[in-house]
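I have placed the structure first, in the form of structure tokens, so that the comments after it can refer back to it.
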Amino acid sequence: MLALAGALAVSFSAGAMAEYPEKPINVIVPYGAGGDSDLTTRIWADAVEKELGVPVVVINKAGGGGVVGTSFVANSKNDGYTLINAGLGNMLVTPNFSKTPYDFDSFEPIVKMTAVPLAVVVSKDSPYTNFDEFVAGAKANKLTQGSWGASSSGTILANIIADQAGYSVKYVHAKGAAASMVSVVGGHIDSAVSFPPAFGPHVKGDRARALVMNQKMDAFPGVPTFADYGIKGSFEGWSGVFAPKGVPEEVITKLKAATAKVMTDPKVLQSYENIGAVVDFRYGPEWVADMKVTYDIMKDAAAKVKK
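Under our numbering, the first residue of the sequence shown is numbered 1, with each subsequent residue one higher.
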């Protein structure tokens, strides 16, 4: 990453768009405050603005399972001053499962910062102390499960998990993962699918229990994985930054260079660890190709649902 930062800095000093950025940069998070998308983006924004020399302002524009904010950026001027928090949901899932005024090709991918493993979470007072008990309970009684939209990444992944485990739930949708966790802790719903930035404080505060998650994490010792229960597939969200299609290449280069530098900062890495996000810094053609593979998988899955 240091080599990348140096190379990009050299290429940028050579010339073409040394004036960027000249004013504050807005980064739209298309979900509510306090969730994984919001927290991971704010850590990135706080760090890169020191490198860029201008404010990098995070703005929450929630609605429509991420469609409202994402559509806003898709239709914004492609000058590098309006960016979008991109992730599995708003970029790869929702455009396939819902009618949206944008798709993956409406944007220019810039960087991926982190990944977050999905988990099934219950309150500390729940009668379900492990995933086997939860599955049995869901089979006997249709339990409620919090998510953040019928076509959200959380619901789509939760359906895949439930199908393989042989149970079903009644979804209760909230404005975001953080709001969903409030309902779990308050005893209003039986469970939620959630990511560490949203459920972590509640688990660490002994208000909730993670029954199972996508991968083992030191921050949540003893929590088994979906694979431990024979469930196949990868169930994780991720957080990155995209720009509207057609943004100048010089803008992308500058943002990549700034990100590469801050992703070597121990304070930034610690901040991500503190919220339960796994650093997974990626950029470039290989990353974009991987995303397109997932996009096509989601497209096929959506076609089967619509039949």
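Using N, Cα and C, we set each Cβ at its ideal position, and we do this for glycine too.
Ser126 places its beta carbon less than 9 Å from that of Arg209. The alpha carbon of Val73 has as its nearest neighbour, out of Tyr272, Val247, Lys304, Lys254, the alpha carbon of Val247. The Cβ atoms of Gly87 and Gly200 lie no closer than 9 Å to each other. Sixteen is the threshold: since fewer than 16 other Cβ atoms of the shown chains lie within 10 Å of the Cβ of Ala136, the residue is exposed. Spatial neighbours of Ser168 in its own chain (CB-CB distance under 8 Å, excluding positions within 5 residues in sequence) are listed in chain order as Ala138, Lys142, Ala162. When Asp190, Arg207, Asp36, Gly66 are compared, the shortest CA-CA separation from Phe131 is found for Asp190.
Scanning the stretch 202–270 for uninterrupted alpha helix (DSSP H) segments of 4 residues or longer gives 249–262, listed from N- to C-terminal end. Just so you know, the alpha carbons of Thr155 and Phe235 end up roughly 11 Å apart. When Cβ pairs closer than 8 Å are counted between the two stretches, the stretch 175–191 is seen not to touch the stretch 92–100, the count staying below three.
For the 9 Å CB-CB criterion, Glu250 and Tyr81 do not form a contact. Secondary structure of Ser106 (DSSP, three-state): helix. Under the 8 Å Cβ criterion, the stretch 260–269 does not count as touching the stretch 55–65, having fewer than three qualifying pairs. Taking all protein chains shown into account, Thr114 has 16 or more neighbouring C-beta atoms within 10 Å of its C-beta and is therefore buried. Taken in chain order, the whole alpha helix (DSSP H) runs of length 4 or more contained in the stretch 149–182 are 153–165. DSSP, read as helix, strand or coil, puts Ser71 in helix. For Leu255, the closest of Ala33, Gly64, Glu51, Ser106 by C-alpha to C-alpha distance is Glu51. In the DSSP assignment, Asn96 forms no beta bridge with any residue. The criterion of a C-beta distance shorter than 9 Å is satisfied by Gly66 and Gly89. Looking only at Met291, Asp228, Val184, the smallest Cα-Cα distance to Gln164 is reached by Asp228.
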